[in-house]
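Some notes on the structure that comes next.
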Amino acid sequence: MDLIKKLANKETFLYLVFGVLATVLNIVLFHLFVNIWKLPTGAGNILDTIICILFQYFTNRIWVFESKSKGKQAIKEFIQFILARGITAIIDQIFVVVGVDFFVAKYISHSHQEMFSVGIKIISNIIVIVLNYIFSKLFVFKK
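Quick note on UniProt numbering: the sequence shown kicks off at 1 and runs consecutively.
This is the structure in structure tokens:
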């Protein structure tokens, strides 16, 4: 039982560490794409999501869930990861586009829109992190 607690604690801790890193990367990329380089909200959000999904796959596979799959099993695992992340990416996309393009653009003064758009992205990231952990634990890297 102690071994299970240690593994669960290590796994949870590492997931949170890499989740925070992925979240920071996601928010920084979103800010660069949308607020600095002036890409449309949806396009910037999709680009930052793709980059972060790849980052998350490798960190989750190697350090968090310590997957040892090879060959066809590793390909299946990658596809399941992408599908699970695709679901949460759709949730994130809807939340961010509706939040930024409809709420922030209409109800927040121009001088505060960048700050509020990043706030919307942070809230979305929290929701997505929880869902991603559940999907990874139950469907992708199940032991």
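Each residue gets a CB set at the ideal place from its N, CA and C atoms; glycine is no exception.
Contact check for PHE65 against LYS143 passes: the beta carbons are separated by less than 9 angstroms. Here the region 57-73 makes contact with the region 12-24; the two share three or more CB pairs at distances below 8 angstroms. Annotated three-state conformation of SER69 is coil, per DSSP. Across the set THR49, GLN80, PHE135, MET115, the C-alpha of THR49 shows the shortest separation from the C-alpha of ILE94. Around the CB of PHE141, 16 or more other CB atoms lie within 10 Å, so the residue is classed as buried. By the C-beta criterion, the region 111-129 is judged to be in contact with the region 20-29, since at least 3 inter-stretch pairs fall below 8 angstroms.
As for any beta strand (DSSP E) of minimum length 3 sitting wholly inside the UniProt domain "GtrA/DPMS transmembrane" (15-141), there is none.
In the structure shown, the three-state DSSP call for LYS143 is coil. A residue is called buried once 16 or more other Cβ atoms fall within 10 Å of its Cβ, and SER69, having fewer, is exposed. Taking the Cα positions, ALA84 is about 20 angstroms away from VAL97. The Cβ atoms of PHE116 and ILE108 sit closer than 9 angstroms to each other.
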